[in-house]
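Everything on this sheet refers to the single structure shown next.
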Amino acid sequence: GAGVSQSPSNKVTEKGKDVELRCDPISGHTALYWYRQSLGQGLEFLIYFQGNSAPDKSGLPSDRFSAERTGGSVSTLTIQRTQQEDSAVYLCASSLSGGAATGELFFGEGSRLTVL
Amino acid sequence: QKEVEQDPGPLSVPEGAIVSLNCTYSNSAFQYFMWYRQYSRKGPELLMYTYSSGNKEDGRFTAQVDKSSKYISLFIRDSQPSDSATYLCAMRDSGGSNYKLTFGKGTLLTVNP
Numbered sequence: 038g039a040g041v042s043q044s045p046s047n048k049v050t051e052k053g054k055d056v057e058l059r060c061d062p063i064s065g066h067t068a069l070y071w072y073r074q075s076l077g078q079g080l081e082f083l084i085y086f087q088g089n090s091a092p093d094k095s096g097l098p099s100d101r102f103s104a105e106r107t108g109g110s111v112s113t114l115t116i117q118r119t120q121q122e123d124s125a126v127y128l129c130a131s132s133l134s135g136g137a138a139t140g141e142l143f144f145g146e147g148s149r150l151t152v153l
Numbered sequence: 048q049k050e051v052e053q054d055p056g057p058l059s060v061p062e063g064a065i066v067s068l069n070c071t072y073s074n075s076a077f078q079y080f081m082w083y084r085q086y087s088r089k090g091p092e093l094l095m096y097t098y099s100s101g102n103k104e105d106g107r108f109t110a111q112v113d114k115s116s117k118y119i120s121l122f123i124r125d126s127q128p129s130d131s132a133t134y135l136c137a138m139r140d141s142g143g144s145n146y147k148l149t150f151g152k153g154t155l156l157t158v159n160p
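Note that the protein sequences, when read in sequence, are chains A and B.
Counting from 1 along the first sequence, just add 37 to a position and that's the residue number in my numbering.
Counting from 1 along the second sequence, just add 47 to a position and that's the residue number in my numbering.
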């Protein structure tokens with residue numbers, strides 16, 4: 038596709054359930070990022086993948102959060118035992134390479150997670 | 048103190064007005080400064096990018112960076128209803144984690160016809 042694709046666009050789940058969010062980056066982009074946008078908050082960095090390097094997981098808020106990127110392309114963000122404070126929009130972005138001087142990250146439309 | 052401070056607004060202006068959006072920051076290592084625009088229920092898109100101090104103009108948009116004051120601005124001239132969106136400032140340093148953008152909370156702008 039032409040842009041970053043995320044699914045599902047909306048997810049409503051019950052507290053304690055696990056959820057998986059998927060991101061399909063722009064073809065050829067080696068860097069992939071996950072950010073979280075909570076109501077009234079800026080974008081919060083979660084995790085960064087670059088090629089075959091070890092990901093930077095420093096932004097993951099707890100061990101209930103994990104992410105993987107298979108084959109250098111599609112990425113899945115998993116939240117286990119969801120809590121109400123996990124409710125947010127989860128945004129995926131990709132770029133041609135990490136640390137690109139233009140800073141141009143291409144964002145998907147996000148997955149809006151609501152935990153009841 | 049948060050690394051990046053941005054007034055969340057909301058800001059409401061009439062069509063044709065000049066709009067000024069601002070961010071302050073505390074990390075003197077930031078070298079790259081960006082403005083992203085985010086329409087409702089969409090992902091952010093890059094609007095302006097500036098390296099270090101100075102001005103950059105692109106059509107109706109002007110980005111300014113004053114590193115001595117740790118202050119960045121985005122000016123929109125002849126604002127249009129289509130400019131109604133949330134504007135997010137973002138910045139990064141040139142060190143080992145230079146892929147990591149730090150964002151402001153965003154300012155919600157409404158331009159009224």
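All residues carry an ideal CB built from backbone N, CA and C; glycine is no exception.
>> Does A:ASP93 come out as helix, strand or coil in the three-state DSSP assignment?
In response: strand
> Is it buried or exposed for A:THR119, if we count other Cβ within 10 angstroms and need 16 for buried?
Replying inline: buried
>> For A:VAL11, report the span of its beta strand (DSSP E) as first-last.
In response: Any answer about residue 11 of chain A is impossible in this case: the structure gives chain A only from 38 up to 153.
>> Any beta carbon from chain B within less than 7 Å of A:TYR127's own beta carbon?
In response: no
> Is the Cβ of A:PHE102 closer than 7 Å to any Cβ of chain B?
Replying inline: no
>> Our contact map puts B:SER120 next to B:SER67 with C-beta atoms below 8 Å; I'd like the distance itself, whole angstroms only.
In response: 6 Å
> Quick one: does B:PRO91 have its CB under 7 Å from some CB of chain A?
Replying inline: yes
> Along the chain, which unbroken stretches of the beta strand (DSSP E) at least 3 residues long are found entirely within the region 96-138 of chain B?
Replying inline: 101-105, 108-113, 118-123
>> I want to see whether chain B comes within less than 7 Å of A:PHE86, judged by CB atoms only; does it?
In response: no
>> Is it buried or exposed, A:VAL126, if we count other Cβ atoms within 10 angstroms and call 16 or more buried?
In response: buried
> Mind checking if A:LEU80 is an interface residue toward chain B, Cβ cutoff 7 Å exclusive?
Replying inline: yes
> With burial defined as no fewer than 16 other Cβ atoms inside 10 Å of the residue's Cβ, what is the status of B:LYS152: buried or exposed?
Replying inline: buried
>> Let me check one thing: in DSSP terms, what residues is B:GLU92 bridge-paired to?
In response: B:ARG84
>> Within 8 Å, do at least three Cβ pairs link the region 82-91 of chain A to the region 104-116 of chain A?
In response: yes
>> Going by the DSSP bridge assignment, what does A:ARG149 pair with across the sheet?
In response: A:ASN47, A:VAL126
> Exposed or buried, what is B:GLY106 when buried is set at 16 or more other beta-carbons lying within 10 Å of its beta-carbon?
Replying inline: exposed
>> Please list, in chain order, the chain A residues whose beta carbon lies closer than 7 Å to that of B:GLY151.
In response: GLY79
>> Based on DSSP bridge pairs, tell me the residues matched to A:ILE116.
In response: A:VAL56, A:PHE102
> Distance, Cα to Cα, B:SER100 vs B:ASP113?
Replying inline: 5 Å
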